[in-house]
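Only one structure is covered here, and it is reproduced in the block below.
Protein chains: 2
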Amino acid sequence: MQEITLKKFMKASILFSLLIISSSVLAQNATSISERLGYDKDAKLLILHADDLGVAHSVNDASFRALKSGAVSSASIMVPCPWLLEVAEMSRETPGLDLGLHLTLTAEWEQYKWDGVSPSSEISSLLNDEGYFYDNTTVVMNEGDPEEVRRELQAQIDLARKVGIQPTHLDSHMGTLFTSPTLFRVYVETGQKNRLPVFVPQQATALFTDDFPITDDIIPIQTVGMAGAGNNLDQWQEFYIGMLDNIQPGINEIIVHLGHDDDELQAVTVNHPDFGATWRSMDLKVVESQAFQQALQERNIILVTYREIQELVYGGDE
Amino acid sequence: MQEITLKKFMKASILFSLLIISSSVLAQNATSISERLGYDKDAKLLILHADDLGVAHSVNDASFRALKSGAVSSASIMVPCPWLLEVAEMSRETPGLDLGLHLTLTAEWEQYKWDGVSPSSEISSLLNDEGYFYDNTTVVMNEGDPEEVRRELQAQIDLARKVGIQPTHLDSHMGTLFTSPTLFRVYVETGQKNRLPVFVPQQATALFTDDFPITDDIIPIQTVGMAGAGNNLDQWQEFYIGMLDNIQPGINEIIVHLGHDDDELQAVTVNHPDFGATWRSMDLKVVESQAFQQALQERNIILVTYREIQELVYGGDE
Numbered sequence: 005m006q007e008i009t010l011k012k013f014m015k016a017s018i019l020f021s022l023l024i025i026s027s028s029v030l031a032q033n034a035t036s037i038s039e040r041l042g043y044d045k046d047a048k049l050l051i052l053h054a055d056d057l058g059v060a061h062s063v064n065d066a067s068f069r070a071l072k073s074g075a076v077s078s079a080s081i082m083v084p085c086p087w088l089l090e091v092a093e094m095s096r097e098t099p100g101l102d103l104g105l106h107l108t109l110t111a112e113w114e115q116y117k118w119d120g121v122s123p124s125s126e127i128s129s130l131l132n133d134e135g136y137f138y139d140n141t142t143v144v145m146n147e148g149d150p151e152e153v154r155r156e157l158q159a160q161i162d163l164a165r166k167v168g169i170q171p172t173h174l175d176s177h178m179g180t181l182f183t184s185p186t187l188f189r190v191y192v193e194t195g196q197k198n199r200l201p202v203f204v205p206q207q208a209t210a211l212f213t214d215d216f217p218i219t220d221d222i223i224p225i226q227t228v229g230m231a232g233a234g235n236n237l238d239q240w241q242e243f244y245i246g247m248l249d250n251i252q253p254g255i256n257e258i259i260v261h262l263g264h265d266d267d268e269l270q271a272v273t274v275n276h277p278d279f280g281a282t283w284r285s286m287d288l289k290v291v292e293s294q295a296f297q298q299a300l301q302e303r304n305i306i307l308v309t310y311r312e313i314q315e316l317v318y319g320g321d322e
Numbered sequence: 005m006q007e008i009t010l011k012k013f014m015k016a017s018i019l020f021s022l023l024i025i026s027s028s029v030l031a032q033n034a035t036s037i038s039e040r041l042g043y044d045k046d047a048k049l050l051i052l053h054a055d056d057l058g059v060a061h062s063v064n065d066a067s068f069r070a071l072k073s074g075a076v077s078s079a080s081i082m083v084p085c086p087w088l089l090e091v092a093e094m095s096r097e098t099p100g101l102d103l104g105l106h107l108t109l110t111a112e113w114e115q116y117k118w119d120g121v122s123p124s125s126e127i128s129s130l131l132n133d134e135g136y137f138y139d140n141t142t143v144v145m146n147e148g149d150p151e152e153v154r155r156e157l158q159a160q161i162d163l164a165r166k167v168g169i170q171p172t173h174l175d176s177h178m179g180t181l182f183t184s185p186t187l188f189r190v191y192v193e194t195g196q197k198n199r200l201p202v203f204v205p206q207q208a209t210a211l212f213t214d215d216f217p218i219t220d221d222i223i224p225i226q227t228v229g230m231a232g233a234g235n236n237l238d239q240w241q242e243f244y245i246g247m248l249d250n251i252q253p254g255i256n257e258i259i260v261h262l263g264h265d266d267d268e269l270q271a272v273t274v275n276h277p278d279f280g281a282t283w284r285s286m287d288l289k290v291v292e293s294q295a296f297q298q299a300l301q302e303r304n305i306i307l308v309t310y311r312e313i314q315e316l317v318y319g320g321d322e
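So the sequences go chain by chain: A and B. At position 308 of the first sequence (counting the first as 1) the number is 312 in the working numbering, and the numbers step up by one without a gap. At position 120 of the second sequence (counting the first as 1) the number is 124 in the working numbering, and the numbers step up by one without a gap.
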């Protein structure tokens, strides 16, 4: 197993939830990882990752279409959301897809809600007066009891496995678990305990402390990007293809949010054009486009999965 | 206030969840109620009632369209479902609509789920291994703890009021609360406690016992009908117009299930054509049709609401 130091890990790169791609931190010494994953030393590896599965049928349908065609290589699931069992069924129909858990402690939409998997009496610091998750990360950061967070994250992993999903990795919806050193530690420890690689954006590296338990389950992922608030709809494809120019040898991740511009998703995302139905349908359009797929080819970018990383770090599933 | 006897109440008429309309039990002595509601002695009054609001955006959109146009006169809401806050918002936009609570203890769809409003640890007899409501009424009847049912029903009423809904009545999703004398008693007592008229189908009259607390909040509703499993899609409009011929002087109720035949509702109701998306879209088509509205007129049928009954029995809202 490799030895990952904090310094080395700091090369993981994302300006999460911001418009621009962080391309300022490039790969160094990443060759060992590419080679250990079975690729050439200088291979440009990309996890092209769809977020938010489970939140709506529209998102499930679009995301599984892209997963099955290979337009994206990986995705993660919001376990507390109403459509979890549709995800479970779709994953049964196409075994082997790379599905992680998009650990969820917020319910951000105005008129469509969910709460936690745990009994609400055991996660009361995470629920509002109406019994739903809060709609923003700040209140979770300020008021979320770390042990209640730990309990809820574990409950989400346990429920996913119970309904037949074998997750390959973890990440954090809305970056909630990257908002404080305490929540971040719970997140990383939960990954370690469950033998699941965790996604860590660059901003979170500031949350590491000297005594942080950095072990083999954290490996550097670089040049990560995603569309953010205020992205220009007119230049959607150019935005993503431009992102590909910044991909360096080693493991990279780009996050997309797939969905159809239909009645359901318009209602879910009402009053919120950013991350809305049109937005998500444009992400789908890009990853399925000839132009984007050709751009990947021309740059010799290879789509890879978290399953490969999980195999490398933990020797596969439990 | 009127004195309602069991014998009198038995005239309320529905064969719930069956294909055919029960028209065998007709009104007698019902004139007093019509008159007390401010209508002529022989007036044919109809509560045309849409079920299942809150379950899906598609259902909310279709149901509020029909409520706002007057195509239906009343509806009831599934409080534990993900779209409750959309219902609350829609009801704020059009004040005065006649909205009750469709008390919900089941989550019957295969790939789209919800659980209770109460902490799951306090209603464990109502939840399956995955933490969702069971998908059928039998297990609730057999295993549901009556005091947990009482707690959950109250929690649904409290949450509805908290989010700004002033319910006018109660009924029971899938008739769960009409499956045993014990559950039925909890239901009726919950209505009385909250000063909300309760809908009681004919089958439930067998659940009354001599010591049952029948008081002023139960008044006879007759000739109730709804489309059921196996209904012939080719004769949808004829089915409903035929139902109107059976409407008698007094208060009648017809239950419809409104929705659009769209991607969301098709996915919610997957593998279940009865009560499916096409089915619900046909209910919408009928109640909005010129032919149906003309049939109501020709028969001098007057659409009325539970609000009027609530006013009569309890003097209005709390």
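Beta carbons: idealized from backbone N, C-alpha and C, even for Gly.
- Look at Met94/B here: in three-state DSSP terms it is helix.
- The DSSP assignment places 48-57 and 78-81 as complete runs of the beta strand (DSSP E) inside the stretch 37-82 of chain A, in order along the chain (cut-off: 3 residues).
- According to the DSSP assignment, Val260/B belongs to the beta strand (DSSP E) that extends over Gly254 to Val260.
- Scanning chain B for C-beta atoms nearer than 8 Å to the C-beta of Gly135/A yields Val121 and Leu163, reported in chain order.
- Residues of chain A with a Cβ closer than 8 Å to the Cβ of Tyr116/B are, in chain order, His61, Pro86, Trp87, Leu89 and Glu90.
- Note that the C-beta distance between Ile245/B and Ala299/B is below 9 Å.
- Less than 9 Å separates the beta-carbon of Pro84/B from that of Gly120/B.
- Residue state for Asp175/A is assigned as strand, using DSSP reduced to three classes.
- In this chain, Ile313/A is not harboured by any beta strand (DSSP E); it is covered by the alpha helix (DSSP H) spanning Tyr310 to Tyr318.
- With 16 or more neighbouring CB atoms inside 10 Å of its own CB, Pro205/B falls in the buried class.
- Rounded to whole angstroms, the separation of the alpha carbons of Thr172/B and Gly104/B is 5 Å.
- Identification of chain A residues near Lys166/B by a Cβ-Cβ cut-off of 8 Å yields Asp133 and Glu134, ordered along the chain.
- Between Thr194/B and Leu157/B, the C-beta spacing is below 9 Å.
- Going by beta carbons, Gly319/B and Ser67/B fall outside the 9 Å limit.
- Taking 9 Å as the cut-off, the Cβ atoms of Asp55/A and Ala271/B do not count as close.
- When CB distances to chain A are screened at a threshold of 7 Å, the residues of the stretch 247-269 of chain B falling below it are Asp266, Asp267 and Glu268, in chain order.
- Closer than 9 Å to the CB of Val272/A there is at least one CB belonging to chain B.
- Taking all protein chains in view, the Cβ of Gln314/B is crowded by 16 or more other Cβ atoms within 10 Å, so the residue is classified as buried.
- Under the three-state reduction of DSSP output, Leu187/A falls in the helix class.
- Between Leu187/B and Thr180/B a beta carbon distance of about 7 Å is seen, short of the 8 Å cut, so the two are scored as contacting.
- The shortest CA-to-CA distance from His261/A to any of Glu134/A, Ala47/A and Leu57/A is the one to Leu57/A.
- The alpha helix (DSSP H) runs lying completely inside the stretch 98-147 of chain B and spanning 4 residues or more are 141-147, given in chain order.
- Counted as a single uninterrupted DSSP element, the beta strand (DSSP E) harbouring Ile306/B occupies residues Ile305 to Leu307.
- In the structure shown, Val272/B falls within a helical segment according to DSSP collapsed to helix, strand and coil.
- In the DSSP assignment, Leu163/A falls within the alpha helix (DSSP H) that extends over Pro150 to Lys166.
- Secondary structure at Gln226/B: strand, using DSSP grouped into helix, strand and coil.
- Residue burial annotation: Glu312/B is buried, with at least 16 other C-beta atoms found within 10 angstroms of its C-beta.
- Membership of Arg284/A in the alpha helix (DSSP H) is indicated by the continuous run Ala281 to Val291.
- The shortest C-alpha to C-alpha distance from Glu97/A to any of Gly168/A, Ile127/A and Glu39/A is the one to Gly168/A.
- Annotation: the continuous alpha helix (DSSP H) that includes Ala295/B extends over Gln294 to Glu302.
- Chain-ordered, the chain B residues with CB closer than 9 Å to the CB of Glu93/A read Glu114, Gln115 and Val274.
- Taking C-beta atoms as the reference points, Glu134/A and Lys117/A count as a pair closer than 9 Å.
- Taking C-beta atoms as the reference points, Phe182/B and Leu200/B fail to come closer than 9 Å.
- About 6 Å separates the Cβ atoms of Ser77/A and Val308/A, confirming a contact at the 8 Å cut-off.
- Secondary structure note for Ile251/B: it is in no alpha helix (DSSP H), with a DSSP letter that is neither H nor E.
- The C-beta of Asn140/B has fewer than 16 other C-beta atoms within 10 Å across all chains shown, which makes the residue exposed.
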